[in-house]
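Student: Quick note on this note's numbering: the sequence shown kicks off at 5 and runs consecutively.
First, the structure itself, so that you have it in front of you.
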Amino acid sequence: MFPFALQDAATRIQSQFETVLGNLRPLPLTQAMGYATRGGKALRGFLVLEGAALHGVSPDRAIWPATAIEAIHAYSLVHDDLPAMDDDDLRRGLPTVHRKWDEATAILVGDALQSLGFELVADPRCHPDAGVRADLTLSLAQAAGARGMVLGQALDIAAETATTPLTLDQITDLQAGKTGALITWSAMAGARLAGADTAPLRRFGDALGLAFQIWDDVLDVEGDAETVGKAVGKDAGRGKATFVSLLGLEGAKRRAAQLVHEACTALDIYGEKAETLKDAARFVISRRN
Numbered sequence: 005m006f007p008f009a010l011q012d013a014a015t016r017i018q019s020q021f022e023t024v025l026g027n028l029r030p031l032p033l034t035q036a037m038g039y040a041t042r043g044g045k046a047l048r049g050f051l052v053l054e055g056a057a058l059h060g061v062s063p064d065r066a067i068w069p070a071t072a073i074e075a076i077h078a079y080s081l082v083h084d085d086l087p088a089m090d091d092d093d094l095r096r097g098l099p100t101v102h103r104k105w106d107e108a109t110a111i112l113v114g115d116a117l118q119s120l121g122f123e124l125v126a127d128p129r130c131h132p133d134a135g136v137r138a139d140l141t142l143s144l145a146q147a148a149g150a151r152g153m154v155l156g157q158a159l160d161i162a163a164e165t166a167t168t169p170l171t172l173d174q175i176t177d178l179q180a181g182k183t184g185a186l187i188t189w190s191a192m193a194g195a196r197l198a199g200a201d202t203a204p205l206r207r208f209g210d211a212l213g214l215a216f217q218i219w220d221d222v223l224d225v226e227g228d229a230e231t232v233g234k235a236v237g238k239d240a241g242r243g244k245a246t247f248v249s250l251l252g253l254e255g256a257k258r259r260a261a262q263l264v265h266e267a268c269t270a271l272d273i274y275g276e277k278a279e280t281l282k283d284a285a286r287f288v289i290s291r292r293n
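Right, here's the structure in full:
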C-alpha cells in the first residue's frame, strides 16, 4: 500500500508544481525551478497528504502545503549543493542545478522556491480560514529558518572546522534542525489544517526525522553513488562525526530501528487509519537512496 501511496503523492505534487510554475513567465529560471522539483521521493509532501487524510481534510486543500514543503525542501537542496556549501555535482542522479546552469541561477532558483513555499501555504485555496493559513506559514518559517533547518545547516558547517568532533547529543541537536524540522512540520501539517491535536504527529515526526538522518549516515557508508543518486563517503573523507562514527554501523542501525518503533507507537492512537504512515516510517530505514 505504502509504495503506491508515496508514488501517488509524488505524482499529485508534481502536477501541482507544473500548474503553479506554468503560471510564471517562461524564463530559464522557471525551467530550472521545474528541474529542481522533479525526481524526488516527495516523502515530506506525502506526510502532509497522509496526515491530512487521517483528519478528514480534503486533498484539494492538503495539496497546497504538500507542494509548499517540497518547494522548501528543493530550495534547501539547491543551495546545499553549491560550491560554497557541499559542492556536489549530482542530485537525484542528475547534474545539480549549478552544474546544469550556473551558480547565479542556482541561487535564484533556491530563492524563488523558498518564496514559492510560503506563497502556497498562504494561498486561500489552502484553507479558507486566514488564521489556519497564518499558523501554517509561521510554523513553516520557524521550521525552515534560523530555529530549524538553517540553524542545523549552520551548525553542520561550523562542525567541519571545529577543533573537536561533535558529541552524540550535539549531532542529535544539529540534525533535529537540519533534517528533522521540516519532516516534523510535514507530519503535523494535516492536524494543523484540521484544527486537531498535533502532539501525536509531532512525536511521530521527531522520531521519524532523526531515523531518516541516521539512515542517511548509514547510506553514506554502505551506499553507492549510482543508487543513492549523490556522492557517498564524503563524511568519512572530511573526518566529520556522524551517527555511524559515534555509534558504529550496527549501533546506528539499531538506533534507527528504535526510533521507527517510537514513531509507529506515537500513531497507535489513530488505529488502523495510520498504517500507511507506519509503513512510511519503516520505509525510511529500508531505503537505498
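Note that beta-carbon positions come from the ideal geometry of N, C-alpha and C, so glycine has one too.
1) Span of the alpha helix (DSSP H) holding Tyr274?
2) Rounded to whole angstroms, what's the CA-CA distance from Ala162 to Gly156? Just pull it up for me.
3) Go through the region 57 to 122 residue by residue and report every complete run of the alpha helix (DSSP H) that reaches 4 residues or more, in order.
4) For the alpha helix (DSSP H) that contains Leu28, what are its first and last residues?
5) Can you tell which of Leu197, Ile187, Asp173 and Gly26 has its C-alpha closest to the C-alpha of Ala245?
6) Measure the alpha-carbon distance for Leu124 versus Thr167 and round it to whole angstroms.
7) Nearest-angstrom Cα distance between Asp220 and Arg292?
8) Mind the definition here: the region 37 to 53 touches the region 191 to 209 only if three or more C-beta pairs lie below 8 Å; say whether that holds.
9) In this structure, does DSSP put Cys130 in helix, strand or coil?
10) Pro32 lies in the alpha helix (DSSP H); which residues open and close that run?
11) So, with DSSP's three-state summary, where would you put Ala4?
12) Between Ala40, Ala270, Asp160 and Thr141, which lies nearest to Ile175 when the distance is taken from Cα to Cα?
13) Exposed or buried, which one is Met153 when buried takes at least 16 other CB atoms within 10 Å?
14) Report the three-state DSSP secondary structure of Leu253 (helix, strand or coil).
15) What is the C-beta distance between Val222 and Val248, in whole angstroms, given that I count them as a contact (C-beta under 8 Å)?
16) Where Ile46 and Arg16 are concerned, what is the direct C-alpha to C-alpha distance, given to the nearest angstrom?
17) What residue from Arg137, Gly43 and Thr23 has the CA that sits closest to Thr34's CA?
18) Check for me: the alpha helix (DSSP H) holding Ala215 runs from which residue to which?
19) Using the rule of at least 16 other Cβ atoms within 10 Å of the residue's Cβ for burial, across every protein chain shown, is Gly121 buried or exposed?
20) Assuming Lys135 and Tyr79 form a contact by the criterion Cβ under 8 Å, report the distance between their Cβ atoms to the nearest whole angstrom.
21) Expressed to the nearest angstrom, what Euclidean distance is found between the alpha-carbon atoms of Arg48 and Leu86?
22) Between which two residues does the alpha helix (DSSP H) carrying Ile289 extend?
23) For Gln20, does the count of other Cβ atoms within 10 angstroms reach 16, so buried, or fall short, so exposed?
24) If you drop the 5 nearest sequence neighbours on each side, which residues of the same chain put their C-beta closer than 6 Å to that of Ala278?
Tutor: Quick look at the numbers:
1) Taking the sequence shown and counting its residues from 1, one reaches residue 274 at position 270. Judged by DSSP secondary structure, Tyr274 falls outside any alpha helix (DSSP H); it is assigned neither H nor E.
2) Reading the sequence shown from its first residue, position 158 is the one you call residue 162. Reading the sequence shown from its first residue, position 152 is the one you call residue 156. Near 10 Å, if we compare the C-alpha coordinates of Gly156 and Ala162.
3) 63 to 84 and 101 to 104
4) Start at 1 with the first residue of the sequence shown, and residue 28 comes out as number 24. That residue, Leu28, is in no alpha helix (DSSP H); it is neither H nor E in DSSP.
5) As a position in the sequence shown, residue 245 is number 241, starting the count at 1. Closest by C-alpha distance to Ala245, out of Leu197, Ile187, Asp173 and Gly26, is Asp173.
6) The count along the sequence shown starts at 1 and reaches residue 124 at position 120. The count along the sequence shown starts at 1 and reaches residue 167 at position 163. Cα to Cα, the separation comes out at about 42 Å.
7) For this step, residue 220 is matched to residue 216 along the sequence shown. For this step, residue 292 is matched to residue 288 along the sequence shown. Near 9 Å, if we compare the C-alpha coordinates of Arg292 and Asp220.
8) yes
9) Translated into positions along the sequence shown, residue 130 becomes position 126. In the structure shown, Cys130 sits in coil (DSSP, three-state: anything other than H, G, I, E or B).
10) Position 28 of the sequence shown holds residue 32. Element bounds for Pro32: Pro32 to Ala40.
11) Because residue 4 is not part of the residues shown, which for the chain are 5 to 293, the question remains open.
12) Here the question's residue 175 lines up with position 171 in the sequence shown. Ranking the options by Cα distance to Ile175, first place goes to Asp160.
13) For the purposes of this step, residue 153 is identified with residue 149 of the sequence shown, where counting begins at 1. It is buried - the Cβ of Met153 has at least 16 other Cβ atoms within 10 Å.
14) What you label residue 253 is simply residue 249 of the sequence shown in a count that begins at 1. It is helical.
15) Numbered from its first residue, the sequence shown carries residue 222 at position 218. Numbered from its first residue, the sequence shown carries residue 248 at position 244. Val222 to Val248, Cβ: 6 Å. Contact.
16) Position 42 of the sequence shown, counted from the first residue, corresponds to residue 46. Position 12 of the sequence shown, counted from the first residue, corresponds to residue 16. Per the sequence presented here, residue 46 reads as Ala, with Ile not at that position. Using only the alpha carbons, I get a separation of about 10 Å.
17) In the sequence shown, residue 34 corresponds to position 30, counting from 1. A check of alpha carbon separations from Thr34 across Arg137, Gly43 and Thr23 identifies Thr23 as the nearest.
18) Position 211 of the sequence shown, counted from the first residue, corresponds to residue 215. Its alpha helix (DSSP H) spans residues Ala203 to Glu226.
19) The sequence position of residue 121 within the sequence shown is 117, counting from 1. Counting Cβ neighbours within 10 Å, Gly121 comes out buried, since at least 16 surround it.
20) What you label residue 135 is simply residue 131 of the sequence shown in a count that begins at 1. What you label residue 79 is simply residue 75 of the sequence shown in a count that begins at 1. Correcting the residue identity first, residue 135 is Gly in this sequence and not Lys. Not quite, the Cβ-Cβ distance comes to about 26 Å (not below 8 Å), so this is no contact.
21) Here residue 48 corresponds to residue number 44 of the sequence shown, with the count starting at 1. Here residue 86 corresponds to residue number 82 of the sequence shown, with the count starting at 1. Rounded to the nearest angstrom, the two C-alpha atoms are 22 Å apart.
22) Against the sequence shown, residue 289 aligns to sequence position 285. No alpha helix (DSSP H) holds Ile289; DSSP gives it neither H nor E.
23) The residue labelled residue 20 in the question sits at position 16 within the sequence shown. Gln20 should be labelled buried.
24) Here residue 278 is taken as the residue at index 274 of the sequence shown, counted from 1. Here the set comprises Leu271.
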